[in-house]
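J.: Heads up: the sequence lines are chains A and B, in that order. At position 175 of the first sequence the residue is numbered 189 (the working numbering), and the sequence of numbers has no breaks. At position 15 of the second sequence the residue is numbered 36 (the working numbering), and the sequence of numbers has no breaks. Let me begin by handing over the structure; questions about it come next.
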Amino acid sequence: MQETPTAPRPTTLPPSNRPAADPHLPRLALIGNPNSGKTSLFNQLTGLNQKVGNFPGVTVDRKTGMAQLGGQRRAEIIDLPGTYSLYPKSLDEQVIADLLYNPDAADYPDFVVVTVDASNLRRSLLLFSQLADLGLPAILALNMTDLAAERGIQIDLPALERELGVPVVPMNARKGVGVAALRIVMAERLAAPPALRFWEPEGDLLPLVRQIRYYFNLHNDYLALHYAHQFRGLRFLSDDDRAYLLELTEKYKFDSTARQAEETIGRYARINELLLEVVTVTRTEQREPASNKIDKVLTHRVFGYLIFLGILFLLFQAIFAWAQYPMDLIDQGVANFNELLQNNFSGPLVRLLTEGVIAGLGGVLIFIPQIALLFAFLAVLEETGYMARVTFLMDKLMRPFGLSGKSVVPLISGLACAVPAIMGARTIESWKDRMLTIFVTPLMSCSARIPVYTVLVALVVPDESWLGIFNMRGLVLMGLYLLGLVSALVSAFALKKILKARERSYFIMEFPVYRWPRWKNVGLTIVEKVKAFIFQAGKVIVAISVLLWVLASYGPGNRQAQAEAQVQQQAAAQRWPAAETERQVASARLETSYAGTFGHVIEPVIRPLGFDWKVGIALLTSFAAREVFVGTMSTIYSVGQDADLGTVQQKLANEKDINGQPFFTPVRALSLLVFYVFAMQCMSTLAVTYRETKSWRWPLGQLVYMTGLAYAASLLVWQVWG
Amino acid sequence: MAFLRRSPRTVAPVPTSSRRTANDLRVGETATVCCLKDPEMALKLLEMGCIPGTQVRLAGRAPLGDPLMLVLGDEEYTLSLRVSEATTIQLKA
Ligand SMILES: Nc1nc2c(ncn2[C@@H]2O[C@H](COP(=O)(O)OP(=O)(O)O)[C@@H](O)[C@H]2O)c(=O)[nH]1
Chain A
15 MQETPTAPRP TTLPPSNRPA ADPHLPRLAL IGNPNSGKTS LFNQLTGLNQ KVGNFPGVTV
75 DRKTGMAQLG GQRRAEIIDL PGTYSLYPKS LDEQVIADLL YNPDAADYPD FVVVTVDASN
135 LRRSLLLFSQ LADLGLPAIL ALNMTDLAAE RGIQIDLPAL ERELGVPVVP MNARKGVGVA
195 ALRIVMAERL AAPPALRFWE PEGDLLPLVR QIRYYFNLHN DYLALHYAHQ FRGLRFLSDD
255 DRAYLLELTE KYKFDSTARQ AEETIGRYAR INELLLEVVT VTRTEQREPA SNKIDKVLTH
315 RVFGYLIFLG ILFLLFQAIF AWAQYPMDLI DQGVANFNEL LQNNFSGPLV RLLTEGVIAG
375 LGGVLIFIPQ IALLFAFLAV LEETGYMARV TFLMDKLMRP FGLSGKSVVP LISGLACAVP
435 AIMGARTIES WKDRMLTIFV TPLMSCSARI PVYTVLVALV VPDESWLGIF NMRGLVLMGL
495 YLLGLVSALV SAFALKKILK ARERSYFIME FPVYRWPRWK NVGLTIVEKV KAFIFQAGKV
555 IVAISVLLWV LASYGPGNRQ AQAEAQVQQQ AAAQRWPAAE TERQVASARL ETSYAGTFGH
615 VIEPVIRPLG FDWKVGIALL TSFAAREVFV GTMSTIYSVG QDADLGTVQQ KLANEKDING
675 QPFFTPVRAL SLLVFYVFAM QCMSTLAVTY RETKSWRWPL GQLVYMTGLA YAASLLVWQV
735 WG
Chain B
22 MAFLRRSPRT VAPVPTSSRR TANDLRVGET ATVCCLKDPE MALKLLEMGC IPGTQVRLAG
82 RAPLGDPLML VLGDEEYTLS LRVSEATTIQ LKA
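Here's what the structure looks like:
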């Protein structure tokens, strides 16, 4: 196969007949089977020039980009979700119908570029044939020509072009071969309405189709047929339209499933005829594909799981150990910047900026290394094709809990941070499986719980070994992680019983062959996810941090001033050193602030759990993000801000209850630990759950359920053993 | 089965229950798809290239027996599907 641009054919107008400057930017949609190289092509055409938004009304990412076509010419590209046909099987695929079936839509494309896998032409052409029959001007990007050649598949390009009536551009999107030719074809606007009709509604379908066609004033029978098949899902139809279509389809006893099957079989018959004309296969010697050999090892009943565990271990290593350096740097950087501001300026506005906005921003930025690393890892696993195998290995294990093999990756990622993990649940096509996964992922103990766990465990569990091998603290820590995992699985199991699936769940998927990852794609994924996190979740975190700061800094009436005066008097009388006075003042101000007042208000509620108002404040502030727990505790127990964990621990150990006994007994600490295992205390997670589910039901459900669970568990611990 | 009767290409001559399905294949064994039992699953399978008349080979099973890996046709691509899905693929005797 050659990579020369295809010559313009007589069916299209020569470029000179077209207006030179277009009134609007040409808009094109990129569409193709999953794994046909669509993303590679999109990245080749747009480079970093892409934007991620949402399709209206659904959670599906809407990736758009600007393609430079040479000279002044550009085109806007919309990347559509990968699909095998125009009949949507998942909510993701629904956006394709919404875009392509409504010529009045704002971003209705001028033409489509269809990526087709040359090494698997029959199946790829099915989607193309449907697009062709809709009469959309198209360009066929014949991808994976290298693989086809390897397998001895020869495609007669001129014949294929002649038969289809659209430009065919042979390419290798991975290497970038053929992209220049595609740019020229796009710039010259050679996309043409396909000449060949693959399948048309006929016979007893015609009365129904014609009626729809005239009612909606459509240009094409096949489009009208799609209205009959899909009117329930088409967002742009009015209720009246739907009622009309419902009535019509009932009148004609229209059996959508049977008709679709018939159509698909009819299409394959036509495609087979076409392939006989344009494809010749010279069998190269039949050797077993490398992928099959790799599969024998990676899905082996023993090695398969061992290798998976090894990869998990590496993932944790990356997220817990390697991410620490950049996280410390960010933490330090934000702190330094704050200090710089505080040393040079003063006043409530500066404090709002430093303690509220920038501290909140720091809380967002600090997650970037983990998110970037996690997604780098996931992208590599996805790109190489390994992820599909993990799904394969784990499916049977997950099913009793209402989850599928595809839930494994989000759950594991949840041990690092629920935010990217929930975003990672997008790969789950089934709505129910996806919602279950999103809902229970925050129960996995994320890295933000680590500081809480370490401080409290170290406080009450002796640093001794059990049976001479196991470190007691390590054991307790592991127990907490297991508690999280078990609760996630059990919750999924319970929710499975409640939730009604709106769509049927399929597991079937294509196993991609193993490939070496493309680092540019990995990089783009990281940039995209980090950006999404900063702009979507970041807004909420910063807002809440500011709110909390205000609540913790100001109090009702002049109670704060009174409390401060009292402390000053005491300090003067007892000759406290300045630093001690400052701490006591901060502590007194916090107690009389709105947050402190609130701590006192909720004390009756949390007393049955063994907590007092001070813990109450920590719980309250933790609802924005758990990682503030240690900081809040250290403020409340009047430890200087820059104290390391050791001193927080000492302060907690020194805290006495009314009888003069240590306040943090093992049971009280356990009650608090259990609370942190279960409670939903992360604004970012709630924000991202909302973003991913596009409904407040889910984040609110998480908040209520997890917090209720936390309360019940702590209550149990304290009431039984306390 | 309703839709299969309408289309002459896929009429099943034998009562469907007695047929072997893709789940009955031994690892490495090849057979030809005869028809697809579950109408909705059939749509998905058809779209993914599992058409009556294609060859399927059972390439392997997950360690717990489910899901399984089917290699389709002469184009040699692999589908992974659950046992419950594989049993809807009936084979020619
Ligand atoms: N050999 C080969 N591999 C390709 C080609 N185009 C894409 N790929 C690889 O195929 C895999 C799937 O491509 P991707 O762009 O993610 O496909 P998508 O699922 O359609 O978006 C990636 O590993 C690509 O690197 C090609 O022309 N030849």
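Note that the Cβ used here is the ideal one computed from N, Cα and C, for glycine as well. Keep in mind it's a predicted model, so treat the numbers as computed, not measured.
So which residues of chain A does D45(B) contact, with C-beta pairs closer than 9 Å?
T.: In the second sequence, the residue the question calls residue 45(B) occupies position 24. Ordered by position in chain A, no residue passes the 9 Å Cβ test against D45(B), which lies about 18 Å from the chain.
J.: In whole angstroms, what is the alpha-carbon distance linking L388(A) and I452(A)?
T.: The residue given as residue 388(A) occupies position 374 in the first sequence. The residue given as residue 452(A) occupies position 438 in the first sequence. When rounded, the distance between both Cα atoms is 17 Å.
J.: What is the residue span of the alpha helix (DSSP H) that F525(A) lies within?
T.: The residue labelled residue 525(A) in the question sits at position 511 within the first sequence. No alpha helix (DSSP H) contains F525(A), which is instead part of the beta strand (DSSP E) from 523–525.
J.: For the candidate residues Q76(B), V92(B), P73(B), A114(B), whose alpha-carbon lies nearest to that of D309(A)?
T.: Sequence index remark: in the first sequence, residue 309(A) carries index 295 (1-based). When each option's Cα is compared against that of D309(A), the closest is V92(B).
J.: Can you pull every residue whose C-beta falls closer than 6 Å to some heavy atom of ligand 1, listed in chain order?
T.: The set, ordered by position in the chain, is G46(A), P48(A), N49(A), S50(A), G51(A), K52(A), T53(A), S54(A), G96(A), N157(A), M158(A), D160(A), L161(A), N186(A), A187(A), R188(A), E397(A), R529(A), R532(A).
J.: Pull up the DSSP beta-bridge partners for D93(A), would you.
T.: Sequence index remark: in the first sequence, residue 93(A) carries index 79 (1-based). DSSP, once it has assigned bridges, lists L44(A), K77(A) as partnering D93(A).
J.: Determine the direct distance from the alpha carbon of A89(A) to that of T78(A), and round the result to whole angstroms.
T.: As a first step, residue 78(A) must be located in the first sequence, where it is residue number 64. As a first step, residue 89(A) must be located in the first sequence, where it is residue number 75. The straight-line gap from Cα to Cα measures roughly 10 Å.
J.: Identify which residue in A173(A), L100(A), P151(A), R165(A) has its Cα closest to the Cα of L140(A).
T.: What you label residue 140(A) is simply residue 126 of the first sequence in a count that begins at 1. Looking at the Cα atoms, L100(A) is the closest of the given residues.
J.: Compute the Euclidean distance between the alpha carbons of G537(A) and I672(A), then round it to the nearest angstrom.
T.: For the purposes of this step, residue 537(A) is taken as the residue at position 523 of the first sequence. For the purposes of this step, residue 672(A) is taken as the residue at position 658 of the first sequence. Straight-line Cα distance between these residues: approximately 57 Å.
J.: State yes or no: is the beta carbon of D309(A) nearer than 9 Å to at least one beta carbon in chain B?
T.: On the first sequence, residue 309(A) is found 295 positions in, with the first residue counted as 1. True, the Cβ-Cβ gap to chain B drops below 9 Å.
J.: Would the stretch 125–144 of chain A and the stretch 45–57 of chain A be scored as touching if the rule is three or more Cβ pairs under 8 Å?
T.: In short, these stretches touch, since the Cβ pair count reaches three.
J.: Cβ of V180(A) within 9 Å of Cβ of P207(A)?
T.: Position 166 of the first sequence, counted from the first residue, corresponds to residue 180(A). Position 193 of the first sequence, counted from the first residue, corresponds to residue 207(A). Yes. Within cutoff.
J.: Does I483(A) pass the burial test, meaning 16 or more other C-beta atoms within 10 Å, or should it be called exposed?
T.: By 1-based counting over the first sequence, the position of residue 483(A) is 469. Its Cβ having fewer than 16 others within 10 Å, I483(A) is exposed.
J.: Give me the Cα-Cα distance between E706(A) and E396(A), rounded to the nearest whole angstrom.
T.: Position 692 of the first sequence, counted from the first residue, corresponds to residue 706(A). Position 382 of the first sequence, counted from the first residue, corresponds to residue 396(A). Their Cα atoms are separated by approximately 20 Å.
J.: Check each residue of the stretch 67–79 of chain B: if its Cβ is closer than 8 Å to any Cβ of chain A, include it; give the result in chain order.
T.: Those would be L67, E68, M69, G70, I72, P73, in chain order.
J.: Taking a cut of 7 Å between CB atoms, which residues from the stretch 522–552 of chain A lie near chain D?
T.: Among the chains of the structure shown, chain D does not appear; the protein chains present are A and B.
J.: Assign R4(B) to one of two classes, buried (16 or more other C-beta atoms within 10 Å of its C-beta) or exposed (fewer than that).
T.: Beyond the ends of chain B as shown, which are 22 and 114, falls residue 4(B); an answer cannot be given.
J.: Expressed to the nearest angstrom, what Euclidean distance is found between the alpha-carbon atoms of R40(B) and V54(B)?
T.: Numbered from 1 along the second sequence, position 19 holds the residue referred to as residue 40(B). Numbered from 1 along the second sequence, position 33 holds the residue referred to as residue 54(B). Their Cα atoms are separated by approximately 11 Å.
J.: For L140(A), which residues in chain B fall below 7 Å Cβ to Cβ?
T.: Locating residue 140(A) in the first sequence gives position 126, counting from the first residue. The answer, in chain order, is E68.
J.: Note down, in chain order, every chain A residue with its Cβ under 8 Å from the Cβ of G175(B).
T.: There is simply no residue 175(B) to check, as chain B begins at 22 and stops at 114 in what is shown.
J.: Look at L135(A) and V293(A) and say whether their C-beta atoms are less than 9 Å apart.
T.: Here residue 135(A) is taken as the residue at index 121 of the first sequence, counted from 1. Here residue 293(A) is taken as the residue at index 279 of the first sequence, counted from 1. Cβ atoms of L135(A) and V293(A): closer than 9 Å.
J.: Can you tell me which of the three DSSP states S101(B) falls into?
T.: Sequence index remark: in the second sequence, residue 101(B) carries index 80 (1-based). Here S101(B) sits in strand by DSSP.
J.: Can you pull the DSSP bridge partners for I153(A)?
T.: In the first sequence, residue 153(A) corresponds to position 139, counting from 1. In the DSSP output, where bridge partners are listed per residue, I153(A) has V127(A).
J.: Counting only the same chain and skipping the five closest in sequence on each side, list residues whose C-beta sits under 6 Å from that of S728(A).
T.: In the first sequence, the residue the question calls residue 728(A) occupies position 714. Excluding positions up to five away in sequence, the list reads L623, S685, V688, F689.
J.: Can you name the start and end residues of the alpha helix (DSSP H) that V474(A) belongs to?
T.: As a first step, residue 474(A) must be located in the first sequence, where it is residue number 460. First-last of the alpha helix (DSSP H) with V474(A): 464–474.
J.: Tell me the rounded alpha-carbon separation between S105(B) and N44(B).
T.: Position 84 of the second sequence, counted from the start, is the residue given in the question as residue 105(B). Position 23 of the second sequence, counted from the start, is the residue given in the question as residue 44(B). Their backbone Cα atoms lie some 9 Å apart in a straight line.
J.: Between A242(A) and L259(A), which are expected to be in contact by the criterion C-beta below 8 Å, what is the C-beta distance as a whole number of angstroms?
T.: Indexing the first sequence from 1 puts residue 242(A) at position 228. Indexing the first sequence from 1 puts residue 259(A) at position 245. With 8 Å as the limit, A242(A) and L259(A) qualify as a contact, their Cβ atoms being about 7 Å apart.
J.: Should E216(A) be labelled buried (16 or more other beta-carbon atoms within 10 Å of its own) or exposed?
T.: Taking the first residue of the first sequence as position 1, residue 216(A) is located at position 202. Flag for E216(A) reads exposed.
J.: Can you give me the start and stop residues for the beta strand (DSSP E) that L93(B) sits inside?
T.: Translated into positions along the second sequence, residue 93(B) becomes position 72. 89–93 is the span of the beta strand (DSSP E), which, as asked, contains L93(B).
J.: Just verifying my parser: in three-state terms, what is the DSSP assignment at W213(A)?
T.: Locating residue 213(A) in the first sequence gives position 199, counting from the first residue. Note: W213(A) maps to coil in three-state DSSP.
J.: Using 10 angstroms around the beta-carbon of L323(A), count the other beta-carbons present and answer buried if the total reaches 16, otherwise exposed.
T.: One-based indexing of the first sequence puts residue 323(A) at position 309. With fewer than 16 Cβ atoms within 10 Å of its Cβ, L323(A) is classed as exposed.
J.: Once the 5 residues before and after Y520(A) are set aside, which same chain residues still bring their CB inside 8 Å of it?
T.: Along the first sequence, one-based indexing puts residue 520(A) at 506. The answer, listed in chain order, is K103, E443, S444.
J.: Check whether the Cβ atoms of I460(A) and G488(A) sit closer than 9 Å, and answer yes or no.
T.: Taking the first sequence and counting its residues from 1, the one referred to as residue 460(A) is at position 446. Taking the first sequence and counting its residues from 1, the one referred to as residue 488(A) is at position 474. Inspection of the sequence shows that residue 460(A) is occupied by Cys rather than by Ile. It is not a contact, given that the beta carbons lie outside the stated cut-off.
J.: Would K65(B) count as contacting chain A if we go by Cβ distances under 9 Å?
T.: In the second sequence, the residue the question calls residue 65(B) occupies position 44. Answer yes: the Cβ-Cβ gap between K65(B) and chain A drops below 9 Å somewhere.
J.: Exposed or buried, what is R224(A) when buried is set at 16 or more other beta-carbons lying within 10 Å of its beta-carbon?
T.: Your numbering for residue 224(A) matches position 210 in the first sequence. That one is exposed.
J.: Any beta carbon from chain B within less than 9 Å of F692(A)'s own beta carbon?
T.: Looking up residue 692(A) in the first sequence gives position 678. It does not: the Cβ of F692(A) has no partner Cβ on chain B nearer than 9 Å.
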